[in-house]
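Sequential numbering from 0 applies to the sequence shown in numbering that gives the first Met the number 0.
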Amino acid sequence: MIIVLKSKATEADAQEILSVIKDAGLKPLYMPGVERIVLGALGDERILANLPINAYSCVESVKPILTSYKQVSREMQSHDSQVQFGDKMIGGGSFCVIAGPCAIENEEQILASAAIVKRHGGMGLRGGAYKPRSSPYSFQGLEEEGLKLMQQASQEYGIPCVTEIIDASLVDKVGEYIDAFQVGARNMQNFRLLKAVGQTQKPIILKRGMSATIEEVLLAAEYIFNEGNQNIVICERGIRTFENATRNTLDLNAVAYIKMKSHLPVIVDPSHGTGIRELVTPMAKAAVACGADGIIVEVHNNPQVALSDGMQSLDEQDFEKMMKGLMPFIKAAGKVLA
Ligand code: PEP
Ligand code: MN
Numbered sequence: 000m001i002i003v004l005k006s007k008a009t010e011a012d013a014q015e016i017l018s019v020i021k022d023a024g025l026k027p028l029y030m031p032g033v034e035r036i037v038l039g040a041l042g043d044e045r046i047l048a049n050l051p052i053n054a055y056s057c058v059e060s061v062k063p064i065l066t067s068y069k070q071v072s073r074e075m076q077s078h079d080s081q082v083q084f085g086d087k088m089i090g091g092g093s094f095c096v097i098a099g100p101c102a103i104e105n106e107e108q109i110l111a112s113a114a115i116v117k118r119h120g121g122m123g124l125r126g127g128a129y130k131p132r133s134s135p136y137s138f139q140g141l142e143e144e145g146l147k148l149m150q151q152a153s154q155e156y157g158i159p160c161v162t163e164i165i166d167a168s169l170v171d172k173v174g175e176y177i178d179a180f181q182v183g184a185r186n187m188q189n190f191r192l193l194k195a196v197g198q199t200q201k202p203i204i205l206k207r208g209m210s211a212t213i214e215e216v217l218l219a220a221e222y223i224f225n226e227g228n229q230n231i232v233i234c235e236r237g238i239r240t241f242e243n244a245t246r247n248t249l250d251l252n253a254v255a256y257i258k259m260k261s262h263l264p265v266i267v268d269p270s271h272g273t274g275i276r277e278l279v280t281p282m283a284k285a286a287v288a289c290g291a292d293g294i295i296v297e298v299h300n301n302p303q304v305a306l307s308d309g310m311q312s313l314d315e316q317d318f319e320k321m322m323k324g325l326m327p328f329i330k331a332a333g334k335v336l337a
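Quick look at the structure:
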């Protein structure tokens with residue numbers, strides 16, 4: 000629930016109510032505003048219902064949060080959150096492009112791909128070192144060697160990097176080398192992993208599971224937020240439907256819906272969302288138009304020989320064309336390229 004205090008309420012009044020919330024076994028939240036102090040109480044609905052908060056004279060109003068996700072909801076915070084990635088922000092009035100190969104394959108490949116990303120205006124570098132592949136016989140990633148190459152590429156080209164984390168036990172190791180964690184679609188409900196990355200302060204790109212509802216991805220974000228990490232970016236990467244002409248069905252409804260219900264930034268992955276190179280640019284434009292805060296897109300220096308997802312990866316020419324094609328859309332959305 001959200002508790003708004005009267006304008007004349009003091010810090011001591013707020014502390015008194017916070018301790019009532021805490022003593023009831025609930026999670027207290029303190030949100031001082033310019034005009035008023037706002038407090039929150041999270042936890043068991045039955046305990047919340049019996050909390051005698053209205054009886055305090057310093058309380059102006061008490062409002063339940065109707066959604067199952069609480070801290071990531073717009074009811075809790077009406078303004079947009081922004082997440083710092085490197086020295087730039089994701090969210091707010093900018094549109095970010097994070098790009099790079101599906102997987103880090105070797106030094107030459109990641110350096111050449113990073114050069115392409117940087118040259119044409121990408122703000123961040125992506126690439127997997129631990130790859131959660133459908134088949135155990137597919138390339139699984141270079142693991143720590145890949146992390147080292149990623150860090151090298153990121154430093155050489157001066158762009159922050161993001162890589163997927165597939166297990167809670169890897170948080171410290173992966174965190175040493177990279178600027179942001181990606182939680183992949185297959186791990187969106189790996190709750191131990193969500194809690195582990197929630198205990199860091201690194202930005203998290205949380206991908207929607209391929210069969211997860213919007214509520215489920217917001218609850219996954221709530222897990223991270225609840226551990227203390229508010230630097231969350233939600234990524235729509237397509238869901239499984241009966242349609243099989245494309246790899247996934249890119250659910251752009253979800254972008255507009257999440258932007259309405261949550262204050263978190265939302266980005267779109269048109270590469271996994273379509274699985275088809277030719278569809279990446281049109282869907283990237285659609286992402287800008289529906290209000291996304293950015294895209295994460297697969298770019299490879301030589302997609303023909305890519306060890307994973309070559310079919311959906313852009314080469315330098317495609318990426319340059321996409322970036323140029325996006326500019327009028329970004330301008331029409333009233334945003335600037337991050
Ligand atoms: C990826 O980004 O390379 C990836 C595996 O994505 P997803 O988790 O969305 O399938
Ligand atoms: Mn991929």
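Every residue, glycine too, gets a C-beta built ideally from N, C-alpha and C.
As the structure is a prediction and not an experimental result, all values here were calculated from the model.
Query                                                                                                                                                             : Result
Is the beta carbon of G123 closer than 7 Å to that of P100?                                                                                                       : no
Rounded to the nearest angstrom, what separates Q188 and G208 at their Cα positions?                                                                              : 8 Å
Closer than 6 Å to a non-hydrogen atom of the ligand PEP - does that hold for the CB of G309?                                                                     : no
Under a three-way DSSP split, which group does A54 fall into?                                                                                                     : helix
Need the endpoints of the alpha helix (DSSP H) that A179 sits in, please.                                                                                         : Run containing A179: none in the alpha helix (DSSP H); it sits in the beta strand (DSSP E), 179-182.
Take every Cβ of the segment 129-149, pair it with every Cβ of the segment 159-172, and state whether three or more of those distances are shorter than 8 Å.      : yes
For V265 versus I233, is the C-beta distance shorter than 7 Å?                                                                                                    : yes
If you check the beta carbons only, do M0 and A40 fall under 7 Å apart?                                                                                           : yes
Count the other CB atoms, across all protein chains shown, that sit within 10 Å of the CB of R246; report buried if there are 16 or more and exposed otherwise.   : buried
Spatial neighbours of A98 within its chain, please: CB distance less than 6 Å, with the 5 preceding and 5 following residues excluded, ordered by chain position. : V116, G121, V296, V298
Measuring alpha carbon to alpha carbon, tell me which residue in L263, K201, V254 is nearest M221.                                                                : Per the sequence presented here, residue 221 reads as Glu, with Met not at that position. Ranking the options by Cα distance to E221, first place goes to L263.
Which two residues bound the contiguous alpha helix (DSSP H) that contains L124?                                                                                  : Taken as a continuous stretch (DSSP letters only), L124 belongs to no alpha helix (DSSP H), being part of the beta strand (DSSP E) at 123-125.
Under 6 Å Cβ to Cβ from N230, same chain only, skipping five residues before and after it: list those, please.                                                    : V82, P202
Check whether the Cβ of G342 sits closer than 6 Å to any heavy atom of the ligand PEP, and report yes or no.                                                      : Absent from the structure is residue 342, since the part of the chain shown begins at 0 and ends at 337.
Going by CA-CA distance only, name the one from Q316, A253, M259, K260 that's closest to R426.                                                                    : There is no way to answer for residue 426, as the model of the chain reaches only from 0 to 337.
Out of curiosity, what's the CA-to-CA distance linking V254 and I36?                                                                                              : 31 Å
To the nearest angstrom, how far is it from the Cα of L278 to the Cα of I64?                                                                                      : 39 Å
With distances taken Cα to Cα, identify the nearest neighbour of S77 among N49, E59, M30.                                                                         : M30
Let me know if R236 comes out buried or exposed under the rule of 16 or more other beta-carbons within 10 Å of its beta-carbon.                                   : buried
What alpha helix (DSSP H) runs, 4 residues minimum, are completely inside the segment 138-171?                                                                    : 143-156
Would you tell me roughly how many angstroms separate the C-alpha atoms of Q186 and K130, rounded to the nearest one?                                             : Checking the sequence, you will find Asn at residue 186 rather than Gln. Between N186 and K130, the C-alpha separation is close to 12 Å.
Using only the alpha-carbon positions, how far apart do G85 and S56 sit?                                                                                          : 45 Å
Using 7 Å as the threshold, is the C-beta distance between P302 and A283 below it?                                                                                : no
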